[in-house]
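Step one of this worksheet: look at the structure below.
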Amino acid sequence: MMDDLFVDPDPVPVAQAAWLLRGYLRESAPQIIESVRGVLRQSPLRTMQVPGGKWMSVKTSSCGALGWVSDALGYRYADTDPLTGQPWPAMPTALQVLARDAAAEVGFGAFEPDACLINCYQPGAKMGLHQDRDEKDLSAPIVSVSLGLPAVFMFGGSKRSDAVKRFPLEHGDVLVWGGVSRMVYHGVAPLKAGHHPLLGEWRVNLTFRRAG
Ligand SMILES: O=C(O)CCC(=O)C(=O)O
Ligand SMILES: [Mn+2]
Numbered sequence: 001m002m003d004d005l006f007v008d009p010d011p012v013p014v015a016q017a018a019w020l021l022r023g024y025l026r027e028s029a030p031q032i033i034e035s036v037r038g039v040l041r042q043s044p045l046r047t048m049q050v051p052g053g054k055w056m057s058v059k060t061s062s063c064g065a066l067g068w069v070s071d072a073l074g075y076r077y078a079d080t081d082p083l084t085g086q087p088w089p090a091m092p093t094a095l096q097v098l099a100r101d102a103a104a105e106v107g108f109g110a111f112e113p114d115a116c117l118i119n120c121y122q123p124g125a126k127m128g129l130h131q132d133r134d135e136k137d138l139s140a141p142i143v144s145v146s147l148g149l150p151a152v153f154m155f156g157g158s159k160r161s162d163a164v165k166r167f168p169l170e171h172g173d174v175l176v177w178g179g180v181s182r183m184v185y186h187g188v189a190p191l192k193a194g195h196h197p198l199l200g201e202w203r204v205n206l207t208f209r210r211a212g
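The following block contains the structure:
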């Protein structure tokens, strides 16, 4: 009877070919989190080194046919988890469907991600401005899901020096960018301390890509 009061809010354009789907996850968040926990039981979180030798403040893992890895040699996608020596865990169906539906919501039809990078932030963790540039198929969008503690997302331009827009991301928000915005510089400001009812002291980000 009241269902029509709970329609999804319209996607908010944040740049050309980039949208924020606020509160997209809603009641499916616990199931998504359970799926992520299942992945992390097989391929645990770890801290990766970036080329040049520094360590990331974000802890990561992956699922899908390809996983994102970084070490002193550089960034790349690999079909095996270097920590376990095993293939990455399969991408749970709930995650695939979430990514595909969110992409379709803003006009990217037939998005079939083969990689989901799981980024886990604790207070103080951050991700500097970067481009997602290791994927072979740049015609596919990036779908980025936020869970747990809120964060400030930075969305710039195609040059590192371009002006950056900052906007808050909350639990359940999904960002989708592609097309002319596919190569924009983006990052996450240092996470503020807080407590989330489902994830405690953590922010979890799922970044879906067509990598291979
Ligand atoms: O945590 C986020 O919201 C962004 C993650 C990201 O940009 C990446 O993993 O490449
Ligand atoms: Mn990125």
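So that you can map any letter, position 155 of the sequence shown is 155 in this note's numbering, and since no number is skipped, the others follow by simple counting.
Note that CB positions come from ideal geometry on N, CA and C, so glycine has one too.
Item, Value
"Relative to the C-alpha of PHE111, which residue among ASP101, ILE118, ASN119 is closest?", "ASP101"
"Taking the straight line between their C-alpha atoms, what separation do you get for ALA140 and PHE108?", "8 Å"
"Residues in the same chain with beta-carbon distance under 6 Å from ARG166, minus the five sequence neighbours each way, listed in chain order, please.", "VAL152, MET154"
"Any idea which residues DSSP pairs ASP71 with across the strands?", "GLY74"
"Do TYR59 and PRO123 have their CB atoms nearer than 8 Å?", "What sits at residue 59 in the sequence shown is Lys, not Tyr. Cβ distance not < 8 Å, so LYS59 and PRO123 don't count as in contact."
"In three-state terms, what does DSSP make of GLN42?", "helix"
"According to DSSP, what are the bridge partners of LEU21?", "VAL174"
"State the beta-bridge partners of ILE142 as determined by DSSP.", "TRP177"
"Where do the ends of the alpha helix (DSSP H) carrying THR84 lie?", "Looking at the DSSP string, THR84 is not in any alpha helix (DSSP H), and its letter there is neither H nor E."
"Report the rounded CA-to-CA distance for TYR185 versus HIS130, giving the unit in angstroms.", "5 Å"
"Considering only residues of the same chain and omitting the five flanking positions on each side of TYR121, which have a CB-CB separation below 6 Å?", "VAL58, LEU191, ARG203"
"Checking 8 Å against the spacing of the C-beta atoms, do SER146 and LEU169 come in under that value?", "yes"
"Is the distance from the Cβ of GLY194 to the Cβ of ILE142 below 8 Å?", "no"
"Given a cut-off of 8 Å on the beta-carbon distance, is the pair LEU25 and LEU175 in contact?", "no"
"Nearest to GLN49 by CA position, among PRO30, ARG210, ASP71, LEU66, is which residue?", "ASP71"
"Using CA atoms only, rank isn't needed, just tell me which of GLY157, GLY67, GLU27 is closest to LEU98.", "GLU27"
"Just to confirm my understanding: we take ASP173, look at its own chain, exclude 5 residues before and 5 after, and list those with CB closer than 6 Å. What are they?", "ARG22, SER146"
"Would you say ALA72 lies against chain D (beta-carbon separation less than 8 Å)?", "Reference to chain D is not applicable here, since this structure consists of a single protein chain."
"Determine the burial state of SER161: buried for a count of at least 16 other Cβ atoms within 10 Å of its Cβ, exposed for fewer.", "exposed"
"Quick test of your reading: PHE208 and PRO87, contact by CB under 8 Å. State the CB separation rounded to the nearest angstrom.", "18 Å between Cβ atoms; not a contact."
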